[in-house]
Amino acid sequence: MISRYRTAFLTAFISRKQRQALRHAEYFHQGSHAGGPVDQPTARAEPACHLNGKRTMSSNFVTTADGTRIFYKDWGTGQPLVFHHGWPLSADDWDAQMLFFLHKGYRVIAHDRRGHGRSDQTENGNEMDTYAADVAALAAHLDLRDAIHIGHSTGGGEVARYVAKHGKGRVAKAVLIGAVPPIMVKSEKNPGGLPLEVFDGFRAALAANRAQFFRDVPAGPFYGFNRQGAQVSEGVIDNWWRQGMMGGTKAHYDCIKAFSETDFTEDLKQIEVPTLVMHGDDDQIVPIADSALLSVKLLKNGTLKVYPGLPHGMATTHADTINADLLSFIQS
C-alpha cells in the first residue's frame, strides 16, 4: 500500500517538475538586450487567479522600451505596496512580506530586477538609472498611484533613485531596509565607506565560482549565521542560493558596481514623501554607520529605526518584527 502511494506521488512529482521546467525555459527564451531609457512598456500577461470575480493574483512580464522583459508578481486589490529586492536575489525574497500584507488587504507587487530571477538576462543596462526606469515602466503599466515603495539593500538604492526621478504623483511613502544609500564605496568624500578592494573581492569570487560564492554569503554574514549562537536555517541558505543562481552572471557582476559606487546623495535630498529607514546594527553587508545613519540626515522627511543585533537579512530572519513595524508606518 505504501509502495503504491509512493509510486503515485513520484509520478505526479516528476510530471510537475517537467511542467516547471517548460515554464522556466519559456521565461529565459529571449536573449540579452541593450540598455536604454524606458517609456512605453508593453506586457505579456499570464493567467490570473480570481476571487468573486476580482483578480487576486497574477504573474506577468512588462516589456521595457529596450525590449527587456521584467517579471513581476501582482497580488491583491488594495493600496499598492511595491517591493524591491536586494542583490543577487528576486521577488521571491519578499515571500514573508507579500503574504503578510496580502492578508492585511493590500495589493502587493514585486519584480525581478533585469538580469535577476525570471527577468531577461541582460548584457547592458545593469546600472541604477536603468533599474529605476524599469520600475517606472512597471508603475506606468500598472498605473500605480498612492504606492508605497519598500527596498532592501540594492533595492533600497533602486527605491531612492526611482522615487527621486520618476515617483512624482505616484508615490505616497518609501521604506529603506538595510539599504545601500548614500554610497557604499570609500573615497575622499566618503571616508567611512568600504574600500574598493572589498567589492573587487566580490567580483573575483563571483567570477571564480559563483555557485560557491552564493553559498558562502548567506551561510555567513548576510543573515548573521556566522555569529556565535546563531540559529542557522539551511532552508534560508538554500533559498538565497536558488534565487541567486536564477539570474545572469554578467548582470550580477555589473550590479556590484551599481550598488557599491552609485551616489544617492542627491536622490535622498530630493525625496519629499515620508521615508522610514530601517537598519540592523549588526549588518555585516551594509554597515549602518555609513548608510542609514547618513541617509536619514539627507532626507527631508525621514525616520530612522535601528534594530540592535539584527543582520542584513533581517526581513527574513525577523520577519514578524519587520512586518509589524512596516504595517505601523504604512498605516500612520
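Each number in my numbering corresponds to the 1-based position in the sequence shown with 17 added. No residue lacks a Cβ here, since even glycine has one placed at the ideal position from N, Cα and C. As the structure is a computational prediction, the values presented were derived from the model and not from experiment.
When the beta-carbon positions are compared, G172 and H101 come within less than 8 Å of each other.
Within the same chain, and ignoring the five residues on either side of L119 in sequence, the residues whose Cβ sits closer than 6 Å to its Cβ are W92, G93, V125. Using a C-beta cut-off of 8 Å, the stretch 283-295 makes contact with the stretch 308-328, since at least three inter-stretch Cβ pairs fall below that distance. For the set A189, A221, S75, K286, the Cα lying nearest the Cα of D271 is the one of A221.
Counting only runs of at least 3 residues, the stretch 84-110 fully encloses the following beta strand (DSSP E) elements, listed from N- to C-terminal order: 86-92, 97-101. Taking all protein chains shown into account, V99 has 16 or more neighbouring C-beta atoms within 10 Å of its C-beta and is therefore buried.
Taking 8 Å as the cut-off, the beta carbon of I194 is found closer than this to the beta carbon of A332.
Listed in chain order, the alpha helix (DSSP H) elements of length 4 or more contained wholly in the stretch 279-319 are 282-287, 309-315. Spatial neighbours of R244 in its own chain (CB-CB distance under 6 Å, excluding positions within 5 residues in sequence) are not present. Taken through DSSP and simplified to helix, strand or coil, T80 comes out as strand. When beta bridges are read from the DSSP output, G142 appears opposite no residue.
Relative to the Cα of A82, the nearest Cα in the group P325, G142, W111 belongs to G142. DSSP places G168 in the strand class (E or B) of the three-state scheme. Within the same chain, and ignoring the five residues on either side of E289 in sequence, the residues whose Cβ sits closer than 8 Å to its Cβ are K317, N318. Contact annotation: the stretch 323-331 touches the stretch 224-244, with at least three C-beta pairs closer than 8 Å. Contact annotation: the stretch 199-208 touches the stretch 266-283, with at least three C-beta pairs closer than 8 Å. When C-beta atoms of the stretch 131-138 are compared with those of the stretch 255-269, three or more pairs fall below 8 Å, so the two segments count as touching. With a cut-off of 8 Å on Cβ pairs, the stretch 138-153 is not in contact with the stretch 103-114, counting fewer than three such pairs.
Within the same chain, Cβ atoms closer than 8 Å to the Cβ of I305 are found at H296, G297, D298, V323, the five residues on either side in sequence being excluded. Counting C-beta atoms within 10 angstroms of its own C-beta, R162 has fewer than 16 neighbours from the protein chains shown and is therefore classed as exposed.
Taking E175 as the centre and dropping the five residues before and after it, the same chain places the C-beta of H101, R130, M145, Y148, A149, V152, G168 closer than 8 Å to its C-beta, in chain order. Distance between M115 and T334, taken at the CA atoms: about 15 Å. For the set F346, A336, A268, G210, the Cα lying nearest the Cα of I302 is the one of G210. Within the stretch 184-261, the runs of beta strand (DSSP E) at least 3 residues long that lie entirely inside it are, in chain order, 188-194. According to the DSSP assignment, H128 belongs to the beta strand (DSSP E) that extends over 124-128.
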